[in-house]
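The next block holds one structure in the form of structure tokens; read it before the comments.
Protein chains: 2
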Amino acid sequence: MAMERLRHLGWAVTPQRLSILRVVADAKDHPRAETVFERVRREHPHISLATVHRTLERLAAAGEVCKVTPLHDSARYDGNSAPHHHVVCVRCREVQDVEVAEFDHHWRGIEQIGEFKVLGVALEVRALCAACQQKTEHARSSRRIAR
Amino acid sequence: MAMERLRHLGWAVTPQRLSILRVVADAKDHPRAETVFERVRREHPHISLATVHRTLERLAAAGEVCKVTPLHDSARYDGNSAPHHHVVCVRCREVQDVEVAEFDHHWRGIEQIGEFKVLGVALEVRALCAACQQKTEHARSSRRIAR
DNA sequence: TCTCAAATGATAATAATTCGCAAAGAGATG
DNA sequence: CATCTCTTTGCGAATTATTATCATTTGAGA
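Chains X and A, in that order, are what the protein sequence lines are. Heads up: the first sequence begins at 1 in this note's numbering, then just goes up one per residue. Heads up: the second sequence begins at 1001 in this note's numbering, then just goes up one per residue.
In structure tokens form, the structure reads like this:
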């Protein structure tokens, strides 16, 4: 699978790339580059962090993986390239996939916006996860001004 | 205007903040922190870049300005806090506003997704601007394998 | 005007990512 | 399989964006 994807992209098939692709595909946690690095390292103790960054970046540019950028901090990658979107907690930065069927349906067929040629749409829902909602309640009740 | 916004947030009204707010509100180019800094500097030669970062960040957290994160590079800020979205060229990183009325209509009223409490939605359309479309054509025709 | 928490400026520190380059490896060809 | 060429890798240094620290200043209410 990973091999075919690389072939299809016209890229050289290297063990590092195979491993990175597999790790990202298996990950369910939207890992960041460093995390992918740690996992790939178990198979390839000599792989370099730079290689992981380079590869993820190229894969994202090619649309093979999805790059989520929760406001702040580092980029997160998602091996799921099927149409789906993300909710991210603005407080703890947890990311979770969401499907918004109606939304995707609406976009299907839109190929042009003004002078821009549409490649894809990334929907990021800014939200508060359950845990952080509670924490925020507490903080709020003990301060004068909210927000 | 800027002053009322600060008052409304319950923040101290400082000349630096007034200036930053005005610059972001007037900007039509989704400037990054450093650019805002350069502009504010014309009025306040002694302002610190840290202040600009701090202020933009707090404004974004308060929902007063919109933070766009075009894949890669630095955050871009948009003074337009009315509901709207962004198209970003994946090649040159140009950002442009888009309105997607039907989309906003669809989201109105959605306050919860699973355990997440929705605060807002950011839609980023990955695209190629006209100029980059051409450049990409050329690159493509002179290489063996595209992408 | 006085007081004090909040905001600022300067600079150091950190974190994420990218760059430069030599060495190793992939894939095409004979 | 031997060879040639172009791509990819690993390493470490460099860069870039952002945040933290802290002494000093300043806004705003009493």
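Yeah, the Cβ is synthetic: ideal placement off N, Cα and C, and Gly gets one too. All values derive from a computational prediction rather than experimental measurement.
Along the region 1039-1053 of chain A, none of the residues has a CB nearer than 7 angstroms to a CB of chain X.
One thing to note: C1089/A has its Cβ no nearer than 9 angstroms to the Cβ of F103/X. In this structure, the beta-carbon distance from A1050/A to V1036/A does not fall below 9 angstroms. For the 9 angstroms CB-CB criterion, A1033/A and V1052/A form a contact.
Distance from the CA of E38/X to the CA of A75/X, rounded to the nearest whole angstrom, comes to 16 angstroms. CA-CA distance, R1126/A to G63/X, rounds to 10 angstroms. Rounded to the nearest whole angstrom, the C-alpha separation of H105/X and E99/X is 11 angstroms.
Chain A has no Cβ within less than 9 angstroms of the Cβ of I20/X. With contacts defined as CB atoms closer than 9 angstroms, V87/X and G1114/A qualify as a contacting pair.
Residues S19 of the same chain have their beta carbon placed closer than 7 angstroms to that of E43/X, with the five preceding and five following residues left out of the count. DSSP places I20/X within a helical segment (H, G or I) once states are collapsed to three. No Cβ of chain X is located within less than 9 angstroms of the beta carbon of V1024/A.
Counting only the Cα atoms, C1129/A lies some 32 angstroms from I1110/A. Listed as beta-bridge partners of H85/X by DSSP are V98/X. DSSP places A2/X within a helical segment (H, G or I) once states are collapsed to three. Around the beta carbon of C132/X, 16 or more other beta carbons lie within 10 angstroms, which makes this residue buried.
In this structure M1/X does not touch V13/X by the C-beta definition: roughly 12 angstroms separates them, more than the 8 angstroms allowed. The continuous stretches of alpha helix (DSSP H) do not include A27/X, and DSSP gives it neither H nor E. Per DSSP, the continuous beta strand (DSSP E) segment holding E124/X begins and ends at 116-128.
Scanning chain A for C-beta atoms nearer than 7 angstroms to the C-beta of L119/X yields V1090, R1126, A1127, L1128, reported in chain order.
With its beta carbon less than 9 angstroms from one in chain A, G114/X belongs to the interface. Taken in chain order, the members of the region 53-65 of chain X whose beta-carbon sits within less than 9 angstroms of a beta-carbon on chain A are E57, A60, A61, A62, G63. Using a CB distance cut-off of 9 angstroms, V1013/A does not count as an interface residue toward chain X.
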